[in-house]
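Participant: Chains as they are written, first to last, in numbering that gives the first Met the number 0: chain A, 0 to 156; chain B, 0 to 82.
One structure, as structure tokens, below. Some questions next.
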Amino acid sequence: MKITVQETDFDAATEISELCANNSRIGAIASFIGLVRDNSDGDPVTAMTLEHYPAMSARVLRDIVEQAMQRWQIGDVTVIHRTGKLALCDQIVFVAVAAAHRHDAFLACEFIMDFLKTAAPFWKKEQTAQGERWVEPRATDEDARRSWLDSSDISAR
Amino acid sequence: MNIKVLYFARLREEFGMAEESIALSEGTVGALLELLRNRGSVWAEQLGVGRNYRVAVNQVLADASAPIKAGDEIAIFPPVTGG
């Protein structure tokens, strides 16, 4: 498991290579990259600043990955979250899950992102033409998190 | 007893500070929040009933009944928006 919170950028190809290096049991890698989008709630966004709670953020990410490891047959996981000032199109977050089979890799990757969005202590501040503003949490993100909890057959989800 | 209290993101800006040391007589999250609300103005407003914020005790999310002991690190922050 690799969990990193950093200001610097990351290279997805390098991270994926490291994730499956010398492990012939891995048959699938699912990955997700979150990027800085140029609009939010209809308003143009020009840049973003990400703040976090350093003593807690990596710890929560680790907890989330451990939950995913208990729930699906997955091998290794890499999570990288950036903080500080970010420009449009910059990479914000990277999640990659290695597994024997794609189903577990896809589901675990989505689960990790859904919980990261709603539980890990990071906060986005957007720069817009009207000035700076803190991003408000989205109800759809909370719905996504809850959908994993509601699953009666957790292995089927 | 003395505890360390941290504020993040919008609440850090509203309160005009990132952290402070507070002397607390009763050891629960609820007692700390009551002490902060009693400062009035922005404190009462931001931490008032129905406002959406989270509290962590030693980096673990906690509710109002959670105990606090000397030396604990309490963080108060808005709902998270990373990813």
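Just so it is clear, CB atoms sit at the ideal spot from N, CA and C, and this is done for glycine as well.
The structure presented is a predicted model; accordingly, all values stated were derived computationally and were not measured.
Where does alanine 104 of chain A land, buried or exposed, given buried means 16+ other C-beta within 10 angstroms?
Facilitator: Flag for alanine 104 of chain A reads buried.
Participant: Return the residue from the list A/Met112, A/Ala119, A/Ala99 that minimises the CA-CA distance to leucine 18 of chain A.
Facilitator: Residue A/Ala99 is the option with its Cα nearest to leucine 18 of chain A.
Participant: Would you verify that the beta carbon of alanine 61 of chain B is, or is not, closer than 7 Å to some beta carbon of chain A?
Facilitator: It does not; no Cβ of chain A falls within 7 Å.
Participant: At a CB distance below 8 Å, what residues from the region 88 to 118 of chain A approach chain B? Give them in sequence order.
Facilitator: Answer in chain order: Ile91, Val92, Met112, Leu115, Lys116, Thr117, Ala118.
Participant: Would you please verify whether the beta carbon of valine 28 of chain B is less than 7 Å from any beta carbon of chain A?
Facilitator: Output row for valine 28 of chain B: interface = no.
Participant: Buried or exposed for leucine 60 of chain A, going by 16 or more other Cβ atoms inside 10 Å?
Facilitator: Buried: at least 16 other Cβ atoms inside 10 Å.
Participant: What does DSSP give as the partner residue(s) for glutamate 72 of chain B in the beta ladder?
Facilitator: In DSSP, glutamate 72 of chain B forms a bridge with B/Lys3.
Participant: Short of 8 Å Cβ to Cβ, which residues in the region 20 to 50 of chain A face chain B?
Facilitator: Those would be Gly33, Leu49, Glu50, in chain order.
Participant: Three or more C-beta pairs under 8 Å: does that hold for the region 74 to 83 of chain A against the region 7 to 27 of chain A?
Facilitator: Touching, per the Cβ criterion.
Participant: With threonine 127 of chain A and arginine 144 of chain A assumed to form a contact (beta carbons below 8 Å), what rounded beta-carbon distance in angstroms separates them?
Facilitator: About 27 Å separates the two Cβ atoms, so there is no contact after all.
Participant: Grab the span of the beta strand (DSSP E) containing methionine 47 of chain A for me, first residue to last.
Facilitator: Run containing methionine 47 of chain A: 42 to 51, per the beta strand (DSSP E) assignment.
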